[in-house]
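Only one structure is covered here, and it is reproduced in the block below.
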Amino acid sequence: MAPAQPALSAVPAPAKGADVLTDAKAAEAVERFQALYAEQHRRVYAYAVSMAGRQLADEVVSEVFLVAWRRLADVPTPAVPWLLTVARHVISSQFRAAARQQSISAELRAWVTEPELAAPDVADEVSERIAVLAALAALPEADRELLTLVAWHGLKPSEAAQVVGCSTTTYFVRLHRARHRLERAMADPPPIAADRALTHRKERTP
0 MAPAQPALSA
10 VPAPAKGADV
20 LTDAKAAEAV
30 ERFQALYAEQ
40 HRRVYAYAVS
50 MAGRQLADEV
60 VSEVFLVAWR
70 RLADVPTPAV
80 PWLLTVARHV
90 ISSQFRAAAR
100 QQSISAELRA
110 WVTEPELAAP
120 DVADEVSERI
130 AVLAALAALP
140 EADRELLTLV
150 AWHGLKPSEA
160 AQVVGCSTTT
170 YFVRLHRARH
180 RLERAMADPP
190 PIAADRALTH
200 RKERTP
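Listed below in structure tokens is the structure:
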């Protein structure tokens, strides 16, 4: 006589419980990743735009969150410094410096020409912002990053230091030097931005 088939109730409980636990952990991981993406996508994208320009930003963001998914257990709280550090590595490793500089220069020039120069009047505060953005576009990307991590991206100095890979003290020293270079760049603005602002003013003059 053939042996009787075991009843379903005879299946060992631990194995079934392990499967349920695995499924629960997978669902938890997906939920955590979705929450991370929803909460931080905008900040990672903004950083990518400021460091690589809009035309490269989407690719950078996609790669950052792919890394985040693969290393989800390593993502700390708060997650922003970790994510921006990954973004920094992606940008430096996957895009040549010349391409990054060309892209970001075009991006910052677009920022100073689209809304501001189309306004009825170029007020003093707008003109100052134009000068700052034009000067930023002319700076090396390392200086631009130091200046924008806290001012634009809302990081604490210690978090900004983590992103660029130095101590907080060293970050402040580098930031001080970057600010001096920005001031010099503003004192001698790039001719393209200056000419556009001057042309706009002449066109508005009755």
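Residue 0 is where the sequence shown starts when you use numbering that gives the first Met the number 0, and the numbers rise one by one after that.
The C-beta atom is built at its ideal place from N, Cα and C for all residues, glycine as well.
| query | result |
| --- | --- |
| Helix, strand or coil at L116 according to DSSP, with G and I counted as helix | Low local confidence applies: a pLDDT of 47 at L116 is under 50, so the model's placement there is unreliable, with the coordinate-based value given in what follows. If DSSP states are grouped into helix, strand and coil, L116 belongs with coil. |
| Buried versus exposed, by CB contacts within 10 Å (16 or more), V162 | buried |
| Near the ligand SAH: A96 beta-carbon under 6 Å from a heavy atom | Judged by which ligands are present, the structure shown has none, so any question about the ligand SAH falls away. |
| Counted within 10 angstroms of its Cβ, other Cβ atoms place H152 as buried (16 or more) or exposed | buried |
| Residues near V36 in its chain [Cβ-Cβ closer than 7 Å; skip 5 each side] | In the sequence as displayed, the identity of residue 36 is Tyr instead of Val. The answer, listed in chain order, is F64. |
| Per-residue DSSP class, three states only, for K155 | coil |
| Min CB distance M50 to chain C below 7 Å | Protein chains in the displayed structure number just one, and chain C is not present. |
| Contacts around M185, its chain only, beta-carbon distance under 7 Å, and the 5 residues preceding and following it disregarded | A130, V131 and A134 |
| Three-way DSSP call (helix, strand, coil) for V74 in this model | coil |
| F64, enclosing alpha helix (DSSP H) - first and last residue | R53 to R69 |
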